[in-house]
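> Have a look at the structure that comes next, please.
Numbering (the UniProt record's numbering), first residue to last: 1 to 541.
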């Protein structure tokens, strides 16, 4: 199933409460209608999880109870930048991985109870089903810590989840009879691959895609607001034919929109076929069950697409596609960051200052484009991590090696630095103020750019060697309004053509740039295939 597609997994969305964990809301939430398993409360304190997981560090003299802060966090995402990326934590953290493992294990037991041939697991009563669902709905950091403590004994993270669920269900008279059907015929990767898929699906839908959309909308607004402002273009860093500021922004909005669409179209996949992908143990235990069909139904019930051809692991090809697509989106944003940086350097944009902020420790006048620089830097880190994931994950020796396990724990690194970059760019855009005076000054000093339209009109009317004549007039020379007018007046052209050239200025020579910028919303809707919206908009016009 594609990212953003409808799914019904838990039956209720979930909201995080720092004291009680994830709770069911009193009323159905709109977020559930979009297929979310739960929605963490935006203000929850995830530090509590980190604090309790800390171990003594005697050599560094850091107490077990010491609060994880920007001073002791090994990763800047968990320290300095925590406030900007914490929305990803419920999905891509160790806590998120454990939660989704619990979810998959419980959902699999419930699925087994629905298979008539498995008489040893009768269909659960409403009370038993509610009890199991409650383990999901009320899962909290204390539960995750209990699982981590079990893991200290088992030295196996997935087995620790199984033992945790067996312990929790011992007290229930109905479920206690079928405890050994937790993790039935499952390999750890049956659980893990679905947990990782759900981590990605939910983090994309709830955090990453909305952030991408905010960027596209912000740049699109820049395009429309500045559609009419002529601007000197630069190719190879040198003055070139003018455009408008808005049209140059529209290019980025459309480019980003294309890649955002590709991200949303990636099918998030899952498998549930046992130790080597053949349902070996399943068929020995219950030969009359159509296990491939059961597995497909189960994977689809989680809102995921089913991959029937696998080894012990899901092949991760969709992850490679997804992460490389995000890299392409990020590369376009790097291009945007650098262009805006350059326009600020040229003086085309001023930056709104904030009282108390300092640009340089020694040069008091400095107002640096730090948001775009921070964005570019974090996009580089993100792309490095995402490219490594894309290149490594599809490769696994024979039917499976363990190299993917440690690599998959870094999904949050690539997505976290991407999110941080998106927010930095948005912050930078909010500070920009167009400096029309500086932009117009550049145009007034660049009359040589009219060489292109003049020689083009000369070609139309058969004037010999038009390019060579304009090259002689302009290349490496100081060109003024007066010298251009004298040249035009001396041409053998029809009066109407000559008149049009004489009225042309660097400010007006922008082609269709104004219209292209103003129509950016139509372009974005066309990218997203919303032709019905375009037709209705045209009808209103």
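The beta carbon of each residue, even a glycine, is placed where N, CA and C say it ideally should be.
Given the structure is predicted, the values throughout are model-derived calculations rather than measurements.
Can you tell me whether DSSP reads residue 604 as helix, strand or coil?
There is simply no residue 604 to check, as the chain begins at 1 and stops at 541 in what is shown.
> Could you say which of 192, 430, 338, 418 lies nearest to residue 273 if we only look at CA atoms?
Comparing Cα positions, the closest option is 192.
> Over what stretch of residues does the beta strand (DSSP E) that includes residue 543 continue unbroken?
Within the shown structure, residues of the chain are numbered from 1 to 541, placing residue 543 beyond reach of any answer.
> Compute the beta-carbon to beta-carbon distance between residue 542 and residue 250, rounded to the nearest angstrom, for a pair I have assumed lies under 8 Å.
Missing from the structure shown is residue 542; the chain here goes from 1 to 541 and no further.
> In whole angstroms, give me the CA-to-CA distance for residue 437 and residue 137.
Cα-Cα distance, rounded: 59 Å.
> Just verifying my parser: in three-state terms, what is the DSSP assignment at residue 522?
Reduced to three states, the DSSP call for residue 522 is helix.
> Where DSSP assigns a beta bridge to residue 240, which residues make up the other side?
Beta-bridge pairing links residue 240 to 233.
> Quick one: Cα of residue 331 to Cα of residue 152, how far?
Near 42 Å, if we compare the C-alpha coordinates of residue 152 and residue 331.
> Using beta-carbon positions only, say whether residue 88 and residue 408 come within less than 8 Å of one another.
No.
> Does residue 383 pass the burial test, meaning 16 or more other C-beta atoms within 10 Å, or should it be called exposed?
The residue in question, residue 383, is buried, as its Cβ has 16 or more Cβ neighbours within 10 Å.
> Quick one: which unbroken beta strand (DSSP E) runs of 3-plus residues sit fully inside the UniProt domain "Adenylosuccinate lyase PurB C-terminal" (396 to 510)? Chain order, please.
Runs of the beta strand (DSSP E) inside the UniProt domain "Adenylosuccinate lyase PurB C-terminal" (396 to 510): 432 to 434.
> What is the rounded straight-line gap between the Cα of residue 577 and the Cα of residue 81?
Residue 577 falls outside the range modelled here, since the chain spans only 1 to 541, and no answer is possible.
> Would you say residue 304 and residue 277 are within 8 Å of each other, going by their C-beta atoms?
Contact flag unset, no.
> Would you kindly check if the distance between the Cβ of residue 267 and the Cβ of residue 318 is under 8 Å?
Yes, they are a contact pair.
> If you measure between the beta carbons of residue 404 and residue 340, is that distance less than 8 Å?
No, these two residues do not count as a Cβ contact at 8 Å.
> Checking 8 Å against the spacing of the C-beta atoms, do residue 185 and residue 285 come in under that value?
Yes, these two residues count as a Cβ contact at 8 Å.
> Between which two residues does the beta strand (DSSP E) carrying residue 252 extend?
That residue, residue 252, is in no beta strand (DSSP E); its alpha helix (DSSP H) goes 245 to 265.
> Can you list, in chain order, the residues of its chain with a C-beta nearer than 6 Å to that of residue 316? Leave out the 5 residues immediately preceding and following it.
Same-chain partners within the cutoff: 393, 394.
> If you follow the beta strand (DSSP E) that residue 350 is in, where does it begin and where does it stop?
349 to 351 is the span of the beta strand (DSSP E), which, as asked, contains residue 350.
> Can you tell me whether DSSP reads residue 270 as helix, strand or coil?
Three-state DSSP puts residue 270 in a strand.
> Where residue 132 and residue 379 are concerned, what is the direct C-alpha to C-alpha distance, given to the nearest angstrom?
Spanning the two alpha carbons is a distance of roughly 41 Å.
> Is the stretch 158 to 172 touching the stretch 251 to 258 in the sense that three or more CB pairs, one from each, lie closer than 8 Å?
With the cut-off at 8 Å, the stretch 251 to 258 and the stretch 158 to 172 do not touch.
> Between 523, 301, 110, 247, which has its C-alpha nearest residue 178's C-alpha?
Considering only alpha carbons, the answer is 110.
> Using the Cα positions of residue 125 and residue 105, report the straight-line distance between them to the nearest angstrom.
If I take the Cα positions, the gap works out to 18 Å.
> With the cut-off set at 8 Å, would you say residue 519 and residue 425 are in Cβ contact?
No.
> Report the residue from 502, 467, 275, 460 whose alpha carbon sits nearest the alpha carbon of residue 447.
Of the candidates 502, 467, 275, 460, the one whose C-alpha sits nearest the C-alpha of residue 447 is 502.
> Note down, in chain order, each residue of its chain lying with its Cβ closer than 6 Å to the Cβ of residue 99, except the 5 sequence neighbours on either side.
Counting only Cβ-Cβ distances below 6 Å, and skipping sequence neighbours, we find 139.
> Nearest to residue 157 by alpha carbon, out of 95, 116, 123, 121?
Ranking 95, 116, 123, 121 by Cα distance to residue 157 puts 95 first.
> Do residue 211 and residue 422 have their C-beta atoms closer together than 8 Å?
Yes, the Cβ-Cβ distance between residue 211 and residue 422 is below 8 Å.
> Look at the Cβ atom of residue 240, then the Cβ atom of residue 233, and state whether they are nearer than 8 Å.
Yes. Within cutoff.
> Could you give the DSSP three-state label for residue 386: helix, strand or coil?
It is helical.
> Determine the extent of the alpha helix (DSSP H) in which residue 320 is found, giving its start and end residues.
Segment 317 to 346, the alpha helix (DSSP H) holding residue 320.
> Taking DSSP as the reference, what is the three-state secondary structure of residue 169?
Helix at residue 169.
> Would residue 390 pass as a contact of residue 323 if the rule is Cβ separation under 8 Å?
Going by C-beta atoms, residue 390 is nearer than 8 Å to residue 323.
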